[in-house]
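>
In our numbering, the protein residues as written are 31 to 343.
1. Look up residue 39 in the DSSP assignment and say whether it is helix, strand or coil.
2. Excluding sequence positions up to five away, which residues of its chain have a Cβ less than 8 Å from the Cβ of residue 315?
3. Assess contact between the segment 131-141 and the segment 56-76, defined as three or more Cβ pairs (one per stretch) separated by less than 8 Å. Is contact present?
4. Could you name each continuous alpha helix (DSSP H) segment of 4 residues or more that falls completely within the segment 99-185, going from the start of the chain to the end?
5. Can you list, in chain order, the stretches of the beta strand (DSSP E) that have 3 or more residues and sit fully within the segment 194-242?
6. What is the rounded straight-line gap between the Cα of residue 305 and the Cα of residue 129?
7. Can you tell me the Cβ-Cβ gap for residue 73 and residue 98, rounded? I've got them flagged as a contact below 8 Å.
8. Tell me the DSSP secondary structure of residue 44 in three-state form.
9. For residue 172, which of 216, 271, 321 has the nearest alpha-carbon?
10. Rounded to a whole number of angstroms, what is the C-alpha to C-alpha distance between residue 121 and residue 38?
11. In chain order, what residues of the same chain have a beta carbon less than 7 Å from the beta carbon of residue 255, not counting five sequence neighbours either side?
12. Measuring straight from C-alpha to C-alpha, what distance separates residue 157 and residue 165?
13. Should residue 202 go down as buried or exposed, given a rule of 16 or more other Cβ atoms within 10 Å for buried?
14. From 341, 213, 152, pick the residue whose C-alpha is nearest to that of residue 111; which is it?
15. List in chain order: all unbroken alpha helix (DSSP H) runs of 4+ residues lying wholly within the segment 295-328.
16. Tell me the rounded alpha-carbon separation between residue 127 and residue 267.
17. In its own chain, which residues sit with a C-beta less than 6 Å from the C-beta of residue 334, not counting the 5 before and 5 after it?
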(Lines of atoms letter the chains of each structure in order from A; the text may use other names.)
(Lines give C-alpha, C1' and ligand atoms only; values in the text may rest on other atoms or scores of the structure.)
Protein backbone atom coordinates (compact mmCIF):
# COMPACT_ATOMS: atom_id res chain seq x y z
CA UNK A 31 0.00 0.00 0.00
CA UNK A 32 1.37 3.39 -0.96
CA UNK A 33 1.62 6.38 1.36
CA UNK A 34 -1.22 8.07 -0.58
CA UNK A 35 -3.47 5.09 0.05
CA UNK A 36 -2.75 5.01 3.79
CA UNK A 37 -4.14 8.52 4.27
CA UNK A 38 -7.22 7.94 2.11
CA UNK A 39 -10.35 6.84 3.99
CA UNK A 40 -11.67 3.55 2.67
CA UNK A 41 -14.50 4.09 0.18
CA UNK A 42 -16.82 1.18 -0.52
CA UNK A 43 -18.54 0.98 -3.88
CA UNK A 44 -21.87 -0.86 -3.81
CA UNK A 45 -22.58 -2.29 -7.25
CA UNK A 46 -25.72 -4.35 -7.90
CA UNK A 47 -26.03 -6.53 -10.98
CA UNK A 48 -28.72 -8.51 -12.75
CA UNK A 49 -28.28 -9.86 -16.27
CA UNK A 50 -25.89 -7.04 -17.05
CA UNK A 51 -23.41 -8.86 -19.26
CA UNK A 52 -23.75 -6.37 -22.10
CA UNK A 53 -22.30 -3.44 -20.16
CA UNK A 54 -20.87 -4.53 -16.78
CA UNK A 55 -17.26 -4.81 -18.01
CA UNK A 56 -17.12 -1.17 -19.12
CA UNK A 57 -18.54 0.02 -15.80
CA UNK A 58 -16.14 -2.15 -13.78
CA UNK A 59 -13.23 -0.77 -15.79
CA UNK A 60 -14.30 2.80 -14.99
CA UNK A 61 -14.48 1.88 -11.29
CA UNK A 62 -11.23 -0.06 -10.97
CA UNK A 63 -9.38 2.72 -12.83
CA UNK A 64 -10.49 5.46 -10.43
CA UNK A 65 -7.79 7.94 -9.43
CA UNK A 66 -8.87 7.38 -5.82
CA UNK A 67 -7.42 3.95 -5.12
CA UNK A 68 -8.34 2.99 -1.56
CA UNK A 69 -11.53 1.22 -2.56
CA UNK A 70 -13.42 -1.94 -1.85
CA UNK A 71 -15.86 -2.94 -4.58
CA UNK A 72 -18.85 -4.83 -3.23
CA UNK A 73 -20.81 -6.55 -6.00
CA UNK A 74 -24.14 -8.23 -5.26
CA UNK A 75 -25.63 -10.21 -8.12
CA UNK A 76 -29.36 -10.83 -8.02
CA UNK A 77 -29.45 -14.32 -9.59
CA UNK A 78 -28.31 -13.42 -13.10
CA UNK A 79 -28.84 -16.02 -15.82
CA UNK A 80 -26.51 -14.53 -18.46
CA UNK A 81 -22.72 -14.16 -18.52
CA UNK A 82 -22.63 -11.45 -15.84
CA UNK A 83 -21.16 -13.80 -13.23
CA UNK A 84 -18.36 -15.00 -15.52
CA UNK A 85 -17.39 -11.42 -16.40
CA UNK A 86 -17.30 -10.40 -12.73
CA UNK A 87 -15.25 -13.47 -11.77
CA UNK A 88 -12.70 -12.64 -14.47
CA UNK A 89 -12.44 -9.05 -13.22
CA UNK A 90 -12.12 -10.19 -9.61
CA UNK A 91 -9.20 -12.43 -10.54
CA UNK A 92 -7.30 -9.30 -11.61
CA UNK A 93 -8.31 -6.95 -8.77
CA UNK A 94 -8.37 -8.09 -5.13
CA UNK A 95 -10.48 -5.05 -4.17
CA UNK A 96 -13.52 -6.76 -5.73
CA UNK A 97 -15.69 -8.79 -3.35
CA UNK A 98 -18.43 -10.76 -5.07
CA UNK A 99 -21.69 -12.00 -3.52
CA UNK A 100 -24.42 -13.95 -5.30
CA UNK A 101 -28.06 -14.27 -4.31
CA UNK A 102 -29.57 -17.74 -4.54
CA UNK A 103 -32.83 -16.18 -5.68
CA UNK A 104 -33.89 -12.83 -7.06
CA UNK A 105 -34.66 -10.46 -4.16
CA UNK A 106 -35.31 -7.31 -6.19
CA UNK A 107 -33.63 -3.97 -6.77
CA UNK A 108 -34.21 -2.36 -3.37
CA UNK A 109 -33.28 -5.34 -1.21
CA UNK A 110 -30.22 -6.10 -3.29
CA UNK A 111 -28.88 -2.59 -2.72
CA UNK A 112 -29.72 -2.84 0.97
CA UNK A 113 -27.71 -6.07 1.13
CA UNK A 114 -24.78 -4.51 -0.72
CA UNK A 115 -24.74 -1.49 1.59
CA UNK A 116 -24.67 -3.64 4.73
CA UNK A 117 -21.73 -5.63 3.34
CA UNK A 118 -19.66 -2.48 2.86
CA UNK A 119 -16.96 -1.84 5.46
CA UNK A 120 -15.86 1.63 4.38
CA UNK A 121 -16.88 4.80 6.21
CA UNK A 122 -18.03 6.19 2.86
CA UNK A 123 -20.18 4.34 0.33
CA UNK A 124 -20.64 5.15 -3.36
CA UNK A 125 -23.64 3.77 -5.25
CA UNK A 126 -23.17 2.20 -8.66
CA UNK A 127 -25.52 0.90 -11.34
CA UNK A 128 -24.23 -1.89 -13.58
CA UNK A 129 -24.43 -0.10 -16.91
CA UNK A 130 -23.09 3.41 -16.27
CA UNK A 131 -19.63 4.85 -16.88
CA UNK A 132 -17.80 6.95 -14.28
CA UNK A 133 -15.38 9.80 -14.77
CA UNK A 134 -11.91 8.72 -13.68
CA UNK A 135 -11.78 11.30 -10.87
CA UNK A 136 -15.34 10.81 -9.59
CA UNK A 137 -14.52 9.45 -6.13
CA UNK A 138 -11.47 11.69 -5.70
CA UNK A 139 -13.40 14.85 -6.52
CA UNK A 140 -16.34 14.01 -4.25
CA UNK A 141 -14.07 13.11 -1.34
CA UNK A 142 -12.04 16.30 -1.76
CA UNK A 143 -15.19 18.43 -1.72
CA UNK A 144 -17.28 16.56 0.85
CA UNK A 145 -19.35 19.19 2.71
CA UNK A 146 -18.76 19.29 6.44
CA UNK A 147 -21.60 17.69 8.40
CA UNK A 148 -23.32 16.02 5.44
CA UNK A 149 -24.23 12.34 5.62
CA UNK A 150 -25.31 12.22 1.98
CA UNK A 151 -24.07 14.01 -1.13
CA UNK A 152 -25.14 14.01 -4.74
CA UNK A 153 -23.23 14.80 -7.89
CA UNK A 154 -24.59 15.17 -11.42
CA UNK A 155 -25.13 12.61 -14.14
CA UNK A 156 -25.32 12.96 -17.90
CA UNK A 157 -26.80 10.51 -20.39
CA UNK A 158 -25.83 8.53 -23.45
CA UNK A 159 -27.62 6.00 -25.63
CA UNK A 160 -26.49 2.38 -25.89
CA UNK A 161 -22.80 2.49 -26.91
CA UNK A 162 -22.79 6.02 -28.34
CA UNK A 163 -20.56 7.57 -25.68
CA UNK A 164 -19.45 10.35 -28.03
CA UNK A 165 -23.05 11.57 -28.23
CA UNK A 166 -23.45 11.94 -24.47
CA UNK A 167 -25.33 14.91 -23.00
CA UNK A 168 -24.48 16.80 -19.83
CA UNK A 169 -26.80 17.13 -16.84
CA UNK A 170 -29.63 19.66 -17.35
CA UNK A 171 -28.57 23.28 -16.89
CA UNK A 172 -30.58 24.18 -13.83
CA UNK A 173 -29.64 25.32 -10.30
CA UNK A 174 -27.89 22.65 -8.25
CA UNK A 175 -27.52 23.44 -4.58
CA UNK A 176 -27.36 21.75 -1.20
CA UNK A 177 -30.70 20.30 -0.12
CA UNK A 178 -31.91 21.81 3.14
CA UNK A 179 -35.65 21.19 2.86
CA UNK A 180 -37.77 18.10 2.14
CA UNK A 181 -39.85 19.95 -0.45
CA UNK A 182 -36.79 20.13 -2.70
CA UNK A 183 -36.68 16.33 -2.83
CA UNK A 184 -40.40 15.79 -3.29
CA UNK A 185 -40.65 18.33 -6.11
CA UNK A 186 -38.13 17.72 -8.89
CA UNK A 187 -35.39 16.07 -6.85
CA UNK A 188 -31.89 16.36 -8.35
CA UNK A 189 -30.84 13.20 -6.50
CA UNK A 190 -30.20 10.01 -8.48
CA UNK A 191 -28.76 7.06 -6.60
CA UNK A 192 -26.11 6.22 -9.18
CA UNK A 193 -24.52 9.67 -8.70
CA UNK A 194 -24.56 9.69 -4.87
CA UNK A 195 -22.31 8.85 -1.95
CA UNK A 196 -23.13 8.64 1.73
CA UNK A 197 -21.60 7.90 5.11
CA UNK A 198 -22.35 4.41 6.36
CA UNK A 199 -23.86 5.73 9.58
CA UNK A 200 -26.86 6.90 7.53
CA UNK A 201 -27.95 3.26 7.23
CA UNK A 202 -28.91 3.27 10.91
CA UNK A 203 -31.60 5.85 10.09
CA UNK A 204 -33.06 4.40 6.93
CA UNK A 205 -32.86 0.60 6.92
CA UNK A 206 -34.68 -1.60 6.31
CA UNK A 207 -35.87 0.04 3.11
CA UNK A 208 -39.62 -0.06 2.42
CA UNK A 209 -40.02 -2.64 -0.37
CA UNK A 210 -42.13 -0.40 -2.61
CA UNK A 211 -40.29 2.93 -2.27
CA UNK A 212 -37.18 3.74 -4.30
CA UNK A 213 -34.17 3.30 -2.05
CA UNK A 214 -32.47 6.55 -3.18
CA UNK A 215 -35.63 8.61 -2.57
CA UNK A 216 -35.96 7.08 0.88
CA UNK A 217 -32.31 7.60 1.82
CA UNK A 218 -32.21 11.18 0.61
CA UNK A 219 -35.40 12.05 2.52
CA UNK A 220 -33.99 10.54 5.71
CA UNK A 221 -30.73 12.43 5.22
CA UNK A 222 -32.49 15.75 4.59
CA UNK A 223 -34.70 15.26 7.64
CA UNK A 224 -31.64 15.12 9.87
CA UNK A 225 -29.25 17.52 8.13
CA UNK A 226 -28.21 18.95 4.79
CA UNK A 227 -27.56 16.97 1.61
CA UNK A 228 -24.36 18.17 0.02
CA UNK A 229 -24.01 19.02 -3.66
CA UNK A 230 -21.00 18.34 -5.87
CA UNK A 231 -22.07 20.26 -9.01
CA UNK A 232 -20.07 18.31 -11.59
CA UNK A 233 -21.14 15.64 -14.08
CA UNK A 234 -19.22 12.63 -12.80
CA UNK A 235 -21.50 9.78 -13.88
CA UNK A 236 -22.69 8.90 -17.36
CA UNK A 237 -26.00 7.06 -17.28
CA UNK A 238 -26.60 4.67 -20.14
CA UNK A 239 -30.09 4.55 -21.66
CA UNK A 240 -30.86 1.30 -23.46
CA UNK A 241 -33.64 -1.22 -24.05
CA UNK A 242 -32.58 -3.38 -21.09
CA UNK A 243 -32.84 -0.58 -18.51
CA UNK A 244 -34.97 -1.62 -15.56
CA UNK A 245 -37.69 1.03 -15.46
CA UNK A 246 -38.44 2.28 -11.97
CA UNK A 247 -40.94 4.88 -13.04
CA UNK A 248 -44.51 5.12 -14.24
CA UNK A 249 -43.61 7.58 -16.97
CA UNK A 250 -43.70 4.85 -19.63
CA UNK A 251 -47.50 4.66 -19.36
CA UNK A 252 -48.76 6.22 -22.59
CA UNK A 253 -52.19 7.33 -21.41
CA UNK A 254 -51.48 10.63 -19.63
CA UNK A 255 -54.58 10.59 -17.44
CA UNK A 256 -53.82 7.08 -16.18
CA UNK A 257 -50.12 7.91 -15.77
CA UNK A 258 -50.87 11.01 -13.71
CA UNK A 259 -53.35 9.09 -11.57
CA UNK A 260 -50.76 6.46 -10.73
CA UNK A 261 -48.08 9.08 -10.14
CA UNK A 262 -50.36 10.92 -7.71
CA UNK A 263 -51.10 7.69 -5.85
CA UNK A 264 -47.42 6.85 -5.74
CA UNK A 265 -46.55 10.30 -4.41
CA UNK A 266 -49.20 10.04 -1.69
CA UNK A 267 -47.90 6.64 -0.61
CA UNK A 268 -44.24 7.73 -0.57
CA UNK A 269 -44.87 10.91 1.42
CA UNK A 270 -47.29 9.40 3.94
CA UNK A 271 -45.03 6.40 4.57
CA UNK A 272 -42.08 8.71 5.18
CA UNK A 273 -43.90 11.26 7.35
CA UNK A 274 -45.45 8.58 9.54
CA UNK A 275 -42.07 6.98 10.24
CA UNK A 276 -40.44 10.21 11.41
CA UNK A 277 -40.51 10.26 15.24
CA UNK A 278 -40.94 14.03 15.49
CA UNK A 279 -43.22 15.98 13.16
CA UNK A 280 -42.02 19.28 11.71
CA UNK A 281 -43.37 22.16 9.68
CA UNK A 282 -41.94 20.44 6.61
CA UNK A 283 -43.69 17.11 7.20
CA UNK A 284 -46.93 18.89 8.10
CA UNK A 285 -46.71 20.83 4.84
CA UNK A 286 -46.09 17.68 2.79
CA UNK A 287 -49.06 15.95 4.40
CA UNK A 288 -51.16 18.96 3.45
CA UNK A 289 -49.99 18.43 -0.12
CA UNK A 290 -51.06 14.77 -0.06
CA UNK A 291 -54.44 15.71 1.43
CA UNK A 292 -55.09 18.03 -1.52
CA UNK A 293 -53.67 15.52 -3.98
CA UNK A 294 -56.22 12.91 -2.91
CA UNK A 295 -59.01 15.19 -4.11
CA UNK A 296 -57.63 15.58 -7.62
CA UNK A 297 -58.50 13.70 -10.79
CA UNK A 298 -56.51 15.77 -13.30
CA UNK A 299 -59.63 17.23 -14.91
CA UNK A 300 -60.78 20.00 -12.62
CA UNK A 301 -58.86 23.01 -11.38
CA UNK A 302 -58.24 22.96 -7.62
CA UNK A 303 -57.62 26.44 -6.18
CA UNK A 304 -56.33 24.88 -2.96
CA UNK A 305 -53.49 23.19 -4.87
CA UNK A 306 -52.73 26.37 -6.79
CA UNK A 307 -52.39 28.41 -3.59
CA UNK A 308 -50.34 25.67 -1.90
CA UNK A 309 -47.87 25.61 -4.79
CA UNK A 310 -47.66 29.38 -5.09
CA UNK A 311 -47.12 29.80 -1.36
CA UNK A 312 -44.23 27.30 -1.44
CA UNK A 313 -42.96 28.32 -4.89
CA UNK A 314 -39.37 29.05 -3.85
CA UNK A 315 -39.03 25.52 -2.48
CA UNK A 316 -41.00 23.75 -5.19
CA UNK A 317 -39.21 25.55 -8.04
CA UNK A 318 -35.84 25.51 -6.31
CA UNK A 319 -34.12 24.19 -9.42
CA UNK A 320 -35.03 27.14 -11.62
CA UNK A 321 -32.39 29.80 -12.20
CA UNK A 322 -33.20 33.29 -11.00
CA UNK A 323 -34.75 35.21 -13.87
CA UNK A 324 -36.26 38.64 -14.31
CA UNK A 325 -39.68 37.06 -14.86
CA UNK A 326 -39.43 34.26 -12.27
CA UNK A 327 -42.69 35.39 -10.67
CA UNK A 328 -44.61 34.83 -13.91
CA UNK A 329 -42.93 31.47 -14.47
CA UNK A 330 -43.91 30.33 -10.98
CA UNK A 331 -47.44 31.56 -11.54
CA UNK A 332 -47.72 29.57 -14.78
CA UNK A 333 -46.46 26.33 -13.25
CA UNK A 334 -48.61 26.75 -10.14
CA UNK A 335 -51.64 27.12 -12.42
CA UNK A 336 -50.75 23.88 -14.22
CA UNK A 337 -50.28 22.06 -10.93
CA UNK A 338 -53.73 23.29 -9.97
CA UNK A 339 -55.00 20.73 -12.49
CA UNK A 340 -52.50 17.88 -12.26
CA UNK A 341 -51.04 18.22 -8.78
CA UNK A 342 -47.71 17.26 -10.33
CA UNK A 343 -44.82 19.14 -11.90
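Heads up, the beta-carbon is just placed ideally off N, CA and C, and yes, glycines get one too.
According to the data block:
1. Here residue 39 is taken as the residue at index 9 of the chain shown, counted from 1. Correct three-state label for residue 39: coil.
2. Position 285 of the chain shown holds residue 315. Once the five neighbours on either side are set aside, the close Cβ partners of residue 315 are 179, 181, 182, 185.
3. yes
4. 107-117, 136-142, 181-184
5. Those beta strand (DSSP E) runs which fall completely within the segment 194-242 and span 3+ residues are 194-197, 228-239.
6. The residue you call residue 305 lines up with position 275 of the chain shown. The residue you call residue 129 lines up with position 99 of the chain shown. Cα to Cα, the separation comes out at about 39 Å.
7. For this step, residue 73 is matched to residue 43 along the chain shown. For this step, residue 98 is matched to residue 68 along the chain shown. Sure, about 5 Å apart at Cβ, within 8 Å.
8. Position 14 of the chain shown, counted from the first residue, corresponds to residue 44. It is a strand residue.
9. To locate residue 172, count along the chain shown from 1; it is residue 142. Checked all of 216, 271, 321; the closest Cα to residue 172 is 321.
10. Your numbering for residue 121 matches position 91 in the chain shown. Your numbering for residue 38 matches position 8 in the chain shown. Straight-line Cα distance between these residues: approximately 11 Å.
11. Position 225 of the chain shown, counting from 1, holds the residue named residue 255. Excluding residues within five positions, the ones whose Cβ falls inside 7 Å are 298.
12. What you label residue 157 is simply residue 127 of the chain shown in a count that begins at 1. What you label residue 165 is simply residue 135 of the chain shown in a count that begins at 1. Cα-Cα distance, rounded: 9 Å.
13. Within the chain shown, residue 202 is the residue found at index 172, counting from 1. With fewer than 16 Cβ atoms within 10 Å of its Cβ, residue 202 is classed as exposed.
14. Within the chain shown, the letter at position 81 stands for residue 111. Ranking the options by Cα distance to residue 111, first place goes to 213.
15. 303-311, 313-316
16. One-based indexing of the chain shown puts residue 127 at position 97. One-based indexing of the chain shown puts residue 267 at position 237. Taking the straight line joining both Cα atoms gives about 25 Å.
17. For the purposes of this step, residue 334 is taken as the residue at position 304 of the chain shown. The residues are 306, 309, 310.
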